[in-house]
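Here the structure is laid out as structure tokens; the discussion comes afterwards.
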Amino acid sequence: MPISPLAPGAFKATNAARLLTDTRLTLDDLQRQLATGKKSETFGGLGAQRITSLAMRAKRSEVQSFQSTITTFQFRVKQMDLGLTQLGKIGDDMRSSTYLTQYNPGSNGKTTMQTYASDRFNEAIDMLNLQSNGTYFFSGRSTDVRPVQDAQTILNGDVAGRAGVAQMVSERKAADFGVAASAGRVVRGGAGTNATLTEDGAHPFGFKLTAASSTSGGITSALTAGPPADIAFNITANPVEGEQVRLELTMPDGTKQAVALTASSSLSPAATAGGFQIGATPAITATNLRAALGLALDREAATSLPAASAKTAANAFFAGSNSIPPMRVSGPPATATALVAGTAANTVIWYQGDDQAASARFSQQARVDTAVTVGVGAQANEEGIRRLMANLSVFVTETFNPANANDQGRFQAMSDRLRVDLSQVTGVQRVQDIQVEIAMSATTMKMADERHKTKLSFVETVLSDVEDINPEETAAKLLSLQTKMQAAYQTTAIISRLNLTDYLR
Amino acid sequence: MGLMGAMNASLSGLRVTQAQMEVVSNNISNSSTVGYSRRQLDIRQRVTGENTSGALATGIQRQLDVLVQKQLRVETAGAAFTDVRARYARQLDQLFGAPGQAGSLDTSVNTFTSSLQTLTANPSDFTARAQVMSTAQQLASTLNGLSSDIQRMREDAEANIASGIDRLNNAISRVADADRRLTVNGQVSASSAALLDDRDSAIQELAALVDVRVVNQDNGKVSIFTNSGLQIYSGDGASSFTFDQRSVITANSLFTTNPADRGVGTIRFNPSGGGAGVDVIASGLFRSGEIAAEVAMRDKTLVEAQTQIDDLAAALASSLGDRNPTTPVTVGANAGYDIDLADVLVPATLAMKAGNTLMIDINTPTGPRRFQVIATDGPAPNPIPASEGEGGATIIRYDRAGGFAGLQAALAGALPAGFSATLTGSTLRVVNTSAGNAVTGARASFSTSGLTGEGPELQMFVDLGGGNIPYTGSLDTLNPQRRGLAGRIGVNANLVADTSRLVVYNTTPGSVTPQGDSTRPRLLLDRLTNAQRSFSAGSGIGDASNGFRSTVTQFARRVVEDQGANAAQAMNVDEGQKLVLRSVEARFSETSGVSIDQEMSDLVQIQNAYAANARVVGAVKELFDMLLRIGA
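Next comes the structure, spelled out in structure tokens:
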């Protein structure tokens, strides 16, 4: 109230009026408090507790935004968990079906298990493209990008001529096979008492000769490590029946295949792949051994080698992403000697998402408390998922001919590889491992959420203590003030009538 | 002594009672007139020779307690001061809004940070991005609004000073007028009591405007001094005050003693003799009263409030937009920091823009020290005033023309023995060179210039004063860029045009930031809520030597808290001062106030006295009649 000039004679009256006005203002303020439930309209009016009010309001805002983050991510994690559960189940189902499956290729060259695999492959693609509100879960940081191409493109390439899995597998098969005379890129040779096997060059394709031995005192074996490696057997004296010549082939996928040829006197010269006939002289035996070695290699080149090639090519395909394109066979496959990185122009890049995050899990992170950050990101090209997709795709693309004697062996080799590949191996990530990590993040979030609930209720209590009135107390104050004012009004009225003027007649 | 004597005495009684009637009626009619003090008729016996011959009205006396009157003047000045202060403080408090009210400063800051938190969870979500943009704009406009309201209040203060000066001059001339008429009349009469009242009420008005001390001169005139000793009225000829009011006041309109730089009006005192005037505000001659309060509001309280929100605006702009390219380094037994001075976009040039700072904290055997390099393009003041630096820092003014080597030389020259600053390419290395000394910290504040390509920092808030220019804190302009920033701050127009830049900070092909990358939103949030910053001591928050160190959000709360505390304190003081004033007024009124009851009882007495006197006249007449009948 501004300073008004003093009228000494009217001081008592004006002062009384002023006191009444002041009390009236207090009454009005109490009434406002009762109506709004708030002690004050400004921070100034809260007194020293305004610090608490400001701090608690900031705390509440912070806790609420943490809670909203948690809600968002809990929803996301739940969906991811469902997707990952399904992916894990696909892997387990495929693995167990390899124990039971029958080799029964139909007219389209596919076995029952392959048809099943094809469905599961499509399902897996759907799972990887899971999204909510335009946010993809398996794209790492590129949540706006659909992480995985459609199944048809991945398997068979597209109209622009980009190669899919099928093309890369067939190229790799051809590159690993080479030409029929030296199937598996190993040249068979030797003369006289020698039988030799020589890799046809220093390149990543075909069989790699990694060990050779013999149980016979009459047969020496020598391995030149190379590359290119070669193996030489020399028969100085005929072996005794049952003695073996052994060698080890390392497949493109790193698996090893042992080949053992048993010396036998009962076999015909055109021996089956399991052994060789002991001839009259070491030279004749060597001729038999050369033929047997050729047969054994041819058989491997028609069974385990294509299985390994397919797996290697599929692994390479699914390892590809925009910044790390898949490695492909360079040049005409049969004579290829090197791998070359594919390009986005000639190869389907199945995974379009982010491939540069330091950690797939932390490509999406949620700060759920002041010092707690959880990673809830995932990438479709993580090893566990990639491995599942590669194994599935091999089964989906392959065809088998019932008329081909070696195809059942090839099918078996593939099944074996899938079984091993999808089993639990220490140090190798599986889909289930991703799921466990995400679940742990979910647990952390849940715990943070519990903390936030407790904190929020504390903050609300404090805020209410500081800012809100106690209605009973205010009402009581209001009542007592009202009584006082009534008394004051009455007294003022009486006093104002008490004037000598009225009593002088 | 005879009948005639009695007659005369009665007649004088009648005259006196009539005069008393007049005084009483004046008292009653002026019972609630401002500045009217109760009069009483002085009556003495009329002495003729040795005898009393009736009564004589000698004059009209004002009922006045001079001591209380003096006290009243002092307390009026004090109350006027606290009243003005409380009024402004209450307005300021209201500007910052009710707790939890939408659009209030703390709510704006809270919603902005929580929208950033939401964005970190959904960086690619367009709704989340739009939400950040809208809350950022809301925050900027809250600051804009606060700034313009504070400046409007300063304009009010300016206008109030102008009207206060008018009233001051008016009151002085009323005093002079009363004095002149008093001297002409020469003697004390009813009219002179009226003139004295008039003069007192003019002085009382003066006292509300300025704290004054009144000295009565022998000739009945008064001399009026301010408490600071300035004689504003001397009894002969009136001096006057002038005020060159400015109609538009901005954050840059400040009071300085240099008339060329002064952005607000000042009060000049022009003595009656015409001698040299004096700048009242520069000399601090008004210490209390309404005008002093308005001046204090205009030049201190409101400027401080503006500085607080400017600091907040500057902290918002630079905490989100400034890079800190410092990395700890260990060289053998010594340790320190490497600072990359190169601009990210143009590596051959210096990353420091005009106004950017580089802070080096060291510990020496004699205690810790802090060095602050402030870059300039030339025009900045030399030396840079300490108020522009962080509390307690040794400021190194560095001209950007010196390039990398110039910066190294400037820092090497300033560091004490036991430390070295060396340059390799564009990397400045500051390390200790002997045991017992240590480099304890290095903080760079280098503004980014665009939206992408310079790391996750983001020029989210810019200075819209001259277009869409980055805030660097430059001191090169006429006014430091920070001053008034709260009124000009806005969301970067380029960001408004492309909100994806809230997330995407790198557009180099091959390493384009994915849309779902939360790096930038997390950095922004962290800079607001976790990173500690120093705030200038000029805001009145924290102590002058160390400034105030806190996060941006804490500072925002501290500002609201400070204004609330100021308001509460100002209102408490005002309430106390008002109580004091009331009690002095009550005491003053006891003596000088007209009481109708008193006047009424006086009236009864006067009526009785009149009747008695008339009765005496009647009796004298009867006696005369009787005497005359005897003669007939």
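Chains G and B are the protein sequences, given in the same order. Mapping of the first sequence onto this note's numbering: residues 3 to 507, in sequence order. Mapping of the second sequence onto this note's numbering: residues 486 to 1117, in sequence order. Virtual Cβ for every residue (Gly too), placed ideally from N, Cα, C.
Please state the DSSP three-state secondary structure of Asp409 (chain G).
helix
Could you please give me the residues that DSSP links to Tyr822 (chain B) through a beta bridge?
B:Pro813 and B:Val915
Counting C-beta neighbours from all protein chains within 10 Å, is the total for Ile1115 (chain B) 16 or more, i.e. buried, or is it exposed?
exposed
Between Asn712 (chain B) and Arg652 (chain B), how many whole angstroms is the CB-CB distance? I'm expecting something under 8 Å.
In fact, because the Cβ distance is near 19 Å, the residues do not count as touching under 8 Å.
CA-to-CA distance, Thr567 (chain B) to Val1058 (chain B), given in whole angstroms
7 Å
Cα-Cα separation between Val147 (chain G) and Gln579 (chain B), rounded to whole angstroms
Approximately 49 Å between the Cα atoms of the pair.
At the 9 Å Cβ level, is Tyr956 (chain B) part of the contact set with chain G, yes or no?
no
Using a Cβ-Cβ distance under 9 Å, would Gln81 (chain G) count as near chain B?
False, the Cβ-Cβ gap to chain B never drops below 9 Å.
Of the choices B:Ala1099, B:Gly769, B:Ile528 and B:Ser538, whose alpha-carbon is the least far from that of Arg753 (chain B)?
B:Gly769
Could you work out which residues of chain G lie near Ile1081 (chain B), taking near to mean beta carbons separated by less than 9 Å?
Gly11, Asn501, Leu502 and Thr503
Step through the CB atoms of chain B and report whether any lies within less than 9 Å of the CB of Asn196 (chain G).
no
Among B:Leu896, B:Gln602 and B:Asp746, nearest to Asn964 (chain B) - alpha-carbon criterion
B:Asp746
Rounded to whole angstroms, how far is the Cβ of Arg419 (chain G) from the Cβ of Ala309 (chain G), which I believe are closer than 8 Å?
6 Å
Quick check: the Cα distance between Ser443 (chain G) and Asp423 (chain G), rounded to an integer number of angstroms?
27 Å
Cβ contact check for the segment 713-729 of chain B and the segment 615-628 of chain B: 3 or more pairs under 8 Å
The segment 713-729 of chain B is not in contact with the segment 615-628 of chain B.
Helix, strand or coil for Met253 (chain G) per DSSP?
coil
Supposed contact pair Met96 (chain G) and Asn383 (chain G) - C-beta distance, whole angstroms, cut 8 Å
So it is not a contact: roughly 19 Å between Cβ atoms.
How many angstroms separate the CA atom of Phe207 (chain G) from the CA atom of Pro994 (chain B)?
35 Å
What separation, rounded to the nearest whole angstrom, lies between the Cα atoms of Val673 (chain B) and Arg529 (chain B)?
Any reading at Val673 (chain B) must be qualified, since the residue scores a pLDDT of 47, below 50, and its modelled position is unreliable; the value itself is stated next. The straight-line gap from Cα to Cα measures roughly 16 Å.
Measure from the C-beta of Leu1088 (chain B) to each C-beta in chain G and report whether the shortest distance is under 9 Å.
yes
List, from N- to C-terminal side, the alpha helix (DSSP H) runs of 4 residues or more that fit wholly inside the segment 564-650 of chain B.
DSSP runs (the alpha helix (DSSP H)) wholly in the segment 564-650 of chain B: 590-606.
Could you run through the segment 144-159 of chain G and flag, in chain order, every residue whose CB is less than 9 Å away from some CB of chain B?
Ser144, Thr145, Asp146 and Val147
Shorter than 9 Å from the beta carbon of Arg363 (chain G) to some beta carbon of chain B?
no
What in chain G is Cβ-close to Phe1073 (chain B), meaning under 9 Å?
Leu8, Pro10 and Phe13
Cβ distance (whole Å) where Ser724 (chain B) is taken to contact Ser757 (chain B) below 8 Å:
4 Å
Listed by chain order, chain G residues near Thr603 (chain B) by CB distance under 9 Å:
Ser67, Ser70, Thr71 and Thr74
Whole-Å CB distance - Gly748 (chain B) paired with Leu739 (chain B), under 8 Å assumed
With 8 Å as the limit, Gly748 (chain B) and Leu739 (chain B) qualify as a contact, their Cβ atoms being about 5 Å apart.
When DSSP labels each residue in this structure, what does Asn106 (chain G) get in the three-state scheme?
coil
Of the residues G:Gln354, G:Gly429, G:Thr372 and G:Ala407, the one placed nearest Thr155 (chain G), counting alpha carbons only:
G:Gln354
Proximity to Ser732 (chain B) [Cα-Cα], best of B:Thr925, B:Arg639, B:Thr992 and B:Ile1081
B:Arg639
Among B:Leu1113, B:Ala1094 and B:Arg698, which residue has its Cα nearest to the Cα of Gln503 (chain B)?
Check the Cα spacing between Gln503 (chain B) and each of B:Leu1113, B:Ala1094 and B:Arg698: the tightest is with B:Ala1094.
Gln88 (chain G) and Leu397 (chain G) - do their beta-carbons sit closer together than 9 Å?
Note on residue identity: the sequence assigns Phe, not Leu, to residue 397 (chain G). No, the Cβ-Cβ distance between Phe397 (chain G) and Gln88 (chain G) is not below 9 Å.
Short Cβ contact (9 Å threshold) for Leu249 (chain G) with Ala288 (chain G)
no
For chain G, check one thing: does any of its Cβ atoms lie closer than 9 Å to the Cβ of Tyr883 (chain B)?
Answer no: the Cβ-Cβ gap between Tyr883 (chain B) and chain G never drops below 9 Å.
Best match in G:Ile286, G:Ala153, G:Pro149 and G:Gly108 for proximity to Glu125 (chain G) [C-alpha to C-alpha]:
G:Ala153
Does the CB of Ile237 (chain G) have a neighbour CB from chain B at under 9 Å?
no
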